[in-house]
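Residue numbers are given in my numbering: position 180 of the sequence shown equals residue 206, and the series is strictly consecutive. Beta carbons are placed, not taken as given, at the ideal position from N, Cα and C, and that holds for glycine. Quantities reported herein were computed from a predicted structural model and do not represent experimental measurements. Single-structure report; data block below.
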Amino acid sequence: MRVDVGDLRGVVALDGPSGTGKSTVARRVAVLLGASYLDTGAMYRAVTLAVLRAGADPADAARVIPIAEAVDLRVGTDPGHPAVHLDGEDVAREIRGPAVTRAVSAVSAIPRVRELLVDRQRAIIEQERARHRGIVVEGRDIGTVVAPDAALKVFLTASSDARALRRSRQDVAEGRLSTVDAARRDVDRRDRLDSSRAASPLRAADDAVLVDTTELDLAGVTALLMSIVDERGLRGVAAERTGR
Ligand code: DC
Numbered sequence: 027m028r029v030d031v032g033d034l035r036g037v038v039a040l041d042g043p044s045g046t047g048k049s050t051v052a053r054r055v056a057v058l059l060g061a062s063y064l065d066t067g068a069m070y071r072a073v074t075l076a077v078l079r080a081g082a083d084p085a086d087a088a089r090v091i092p093i094a095e096a097v098d099l100r101v102g103t104d105p106g107h108p109a110v111h112l113d114g115e116d117v118a119r120e121i122r123g124p125a126v127t128r129a130v131s132a133v134s135a136i137p138r139v140r141e142l143l144v145d146r147q148r149a150i151i152e153q154e155r156a157r158h159r160g161i162v163v164e165g166r167d168i169g170t171v172v173a174p175d176a177a178l179k180v181f182l183t184a185s186s187d188a189r190a191l192r193r194s195r196q197d198v199a200e201g202r203l204s205t206v207d208a209a210r211r212d213v214d215r216r217d218r219l220d221s222s223r224a225a226s227p228l229r230a231a232d233d234a235v236l237v238d239t240t241e242l243d244l245a246g247v248t249a250l251l252m253s254i255v256d257e258r259g260l261r262g263v264a265a266e267r268t269g270r
């Protein structure tokens, strides 16, 4: 019997730098498991967009914090349609643009911004858990800070070359101008900033499964993650059938 609350039990935390295929894989795995999905990077991007629209310097914490506190931000948890609304406006596309991408590391390095967004992320996770739904959450600090009790933590890595190529292809597919060199500079710069910041830097949790995606395509990474989910017995329906 299939239950409509979805197959996944608990939280899957998916962390890693950009260009590892994290977002696509997270959404795919969530769809396959009938689970919810949360893109925490989209939340940092949406706050960054609000900061830019207010004409504030993204590194000026005194200007950024009140904007982050007041922001009317809504993120959906449907992996098929991951919606992001700012003041009621759909900004899912705009937050991926170059202006936000350049400024987001500065905004996300401000501890108070992180505190505000981590609270909201935990509330969204709780809300899904209360509905007995599992959730796949992707970001940089999910396994270490947002959901340290996650049933499964995965940290995706890939070589700098592979990440730059993927990021550039993704930009072109979404209609933005891009070269692999420019993508490499951007990916390397953001990783340096995200990994070296004082507040919750990008790092793998001690109990995370490390997956190097350099030589794997999307289907390969997805299949690997699904097999780990099954190995850990995290599918509610499968667990129900086997009496666990
Ligand atoms: O995953 P992404 O590229 O959309 O994330 C955008 C930025 O947000 C990234 O450069 C770092 C920051 N971020 C973060 O600090 N913590 C998270 N949990 C998710 C993203």
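key: Through-space distance from G81 to R89, alpha-carbon basis   = 10 Å
ask   = At a cut-off of 7 Å, is R211 close to the ligand DC when judged by its beta-carbon and the heavy atoms of the ligand?
value = no
query = Going along the chain, which unbroken runs of the beta strand (DSSP E) with 3 or more residues stay wholly within the stretch 114-168?
reply = 161-165
message = Please classify V29 as buried or exposed, where buried requires at least 16 neighbouring CB atoms within 10 angstroms.
response = Residue confidence is low: V29 scores 45 on pLDDT, short of 50, so the model does not pin down where it sits. Its coordinate-derived value is still stated next. Exposed, because fewer than 16 other Cβ atoms sit within 10 Å of the Cβ of V29.
inquiry  = So if DSSP puts S62 in a beta bridge, which residue, or which two residues, is it bridged to?
reply    = I161
task = Keeping to the same chain, check which residues put their C-beta closer than 7 Å to that of M252; ignore five residues upstream and five downstream.
result = V55 and L58
ask   = Is there contact here, the stretch 200-211 with the stretch 220-229, by at least three beta-carbon pairs under 8 Å?
value = In this structure the stretch 200-211 does not touch the stretch 220-229; the number of beta carbon pairs closer than 8 Å is below three.
inquiry  = Following a CB-centred definition, is G262 positioned closer than 7 Å to any heavy atom of the ligand SAH?
reply    = Ligands present in the displayed structure are limited to the ligand DC, and the ligand SAH is not among them.
ask   = Closest by CA to D217, which one among I121, R195 and G165?
value = Considering only alpha carbons, the answer is G165.
query = Heavy atom of the ligand DC less than 7 Å from the Cβ of T66, yes or no?
reply = yes
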